[in-house]
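Numbering (the numbering used here), first residue to last: 2 to 261. The beta-carbon is built from N, C-alpha and C at its ideal position, and this holds for glycine as well. If you're wondering where the values come from, they're calculated on a predicted model, not measured in any experiment. Notes follow the structure.
So, in structure tokens, the structure goes:
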């Protein structure tokens with residue numbers, strides 16, 4: 002994973018990670034809960050939580066000494082979900098897919114030359130690999146990235162591939178742009194991307210493009226699990242993702258065929 006930009010103010014990054022923590026656990030939490038989960042010092046975690054409570058972004062329970070996001074947080078960005086991304090419906094479908102497959106479900110979006118994990122629903126398999134929301138992977142070295150690139154027009158695809166190779170983070174030598182383009186064309190043809198051992202030698206991911214129509218930004222949905230769990234199940238896993246999400250907009254498969 003690329004190192005964070007040193008110009009990012011630490012308290013700003015920690016504030017956002019705290020809200021992502023609450024989004025994941027969905028329950029009130031003590032200072033120690035947050036500090037342990039995020040690896041922050043107890044003292045600075047407490048100061049930050051109290052500051053957010055003073056500003057009205059968290060509610061503090063004097064009875065059990067816990068913090069929880071306030072209604073003010075739920076209203077922030079509400080217009081984005083209403084006018085750009087039907088995120089509530091997508092997240093509900095993600096939960097249902099996670100329950101059906103027991104795999105970790107990841108929603109990804111392109112950001113510069115990277116694929117960013119926007120939302121993560123952890124799997125329930127006995128062996129699973131923790132994936133953190135906010136993680137960024139090079140678009141040209143990511144299963145979700147391949148699915149995202151497959152949705153783009155040829156010109157836009159070439160531009161994004163160039164941006165991705167400029168931030169290449171692999172230990173191996175970066176591939177040629179034409180080789181990446183050829184691989185993405187194959188993803189577009191079959192309707193999904195699949196990689197085994199790309200980040201973790203024992204893990205695999207299957208990803209499908211998620212086209213929800215303009216003006217929304219392209220999204221891709223991925224299933225991550227131990228690679229043995231995919232053996233003989235790839236068609237079913239792909240269908241599990243595509244079928245419930247098709248009503249959200251133009252089917253991803255037809256969009257791929259138009260742009261490949």
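Inset, instruction - Might you give, ordered along the chain, the residues of its own chain that have their beta carbon closer than 8 Å to the beta carbon of residue 228, omitting 5 neighbours on each side? - result: 197, 198, 203, 204, 205
Legend entry - Among 75, 139, 63, nearest to residue 20 - alpha-carbon criterion: 75
Legend entry - Bounding residues of the alpha helix (DSSP H) (the contiguous stretch that carries residue 20): 11–26
Legend entry - Whole-angstrom distance between residue 194 and residue 10, CA atom to CA atom: 36 Å
Legend entry - Cutoff 7 Å; reference residue 73; Cβ partners in own chain excluding five residues on either side: 57, 58
Inset, instruction - Take the Cβ of residue 125 as the centre, count every other Cβ of all protein chains shown within 10 Å, and call the residue buried at 16 or more, exposed below. - result: exposed
Legend entry - Proximity below 7 Å, CB of residue 148 to CB of residue 208: yes
Legend entry - Residues of its chain near residue 1, where Cβ-Cβ distance is below 6 Å and the 5 sequence neighbours each way are ignored: Not covered by the structure: residue 1. The range shown for the chain is 2 to 261.
Inset, instruction - Go through the region 84–158 residue by residue and report every complete run of the beta strand (DSSP E) that reaches 3 residues or more, in order. - result: 105–112, 115–122, 137–139
Inset, instruction - Provide the residue span of the beta strand (DSSP E) that contains residue 47, from first to last. - result: Per DSSP, residue 47 belongs to no beta strand (DSSP E); it is in the alpha helix (DSSP H), 43–55.
Inset, instruction - Have a look at residue 144 and residue 42 and give me their C-alpha separation to the nearest angstrom. - result: 35 Å
Inset, instruction - Could you tell me if residue 1 is buried or exposed, where buried requires 16 or more neighbouring beta carbons within 10 angstroms of its beta carbon? - result: Lying before the first or after the last residue shown, residue 1 is absent from the chain, which here runs from 2 to 261.
Inset, instruction - Tell me whether residue 178 sits in a helix, a strand or coil according to DSSP, three-state version. - result: helix
Inset, instruction - Go through its chain and collect everything with a Cβ distance to residue 96's Cβ below 7 Å, but skip five positions before and after it. - result: 122
Legend entry - Distance, residue 201 Cα to residue 216 Cα: Its pLDDT being 47, under 50, residue 216 is placed unreliably by the model, and nothing is read from it.
Legend entry - Identity of the residue in 161, 98, 181, 40 nearest residue 15 by Cα: 40
Legend entry - residue 185 to residue 169 span [Cα, whole Å]: 16 Å
Legend entry - Residue range of the unbroken alpha helix (DSSP H) whose run includes residue 36: 32–39
Inset, instruction - Please report how far the alpha carbon of residue 225 lies from the alpha carbon of residue 60, in whole angstroms. - result: 34 Å
Inset, instruction - Pull up the DSSP beta-bridge partners for residue 61, would you. - result: 68
Inset, instruction - Alpha carbon to alpha carbon, how far is residue 44 from residue 33? Give it in angstroms, no decimals. - result: 10 Å
Inset, instruction - Give the secondary structure of residue 201 by DSSP, where H, G and I count as helix, E and B as strand, and everything else as coil. - result: coil
Legend entry - Cβ separation of residue 109 and residue 139, assumed to be a contact under 8 Å, to the nearest whole Å: Contact flag wrong, Cβ pair sits at about 12 Å.
Legend entry - In DSSP terms, what residue 196 is bridged to: 206
Legend entry - residue 77 in three-state terms, based on DSSP: coil
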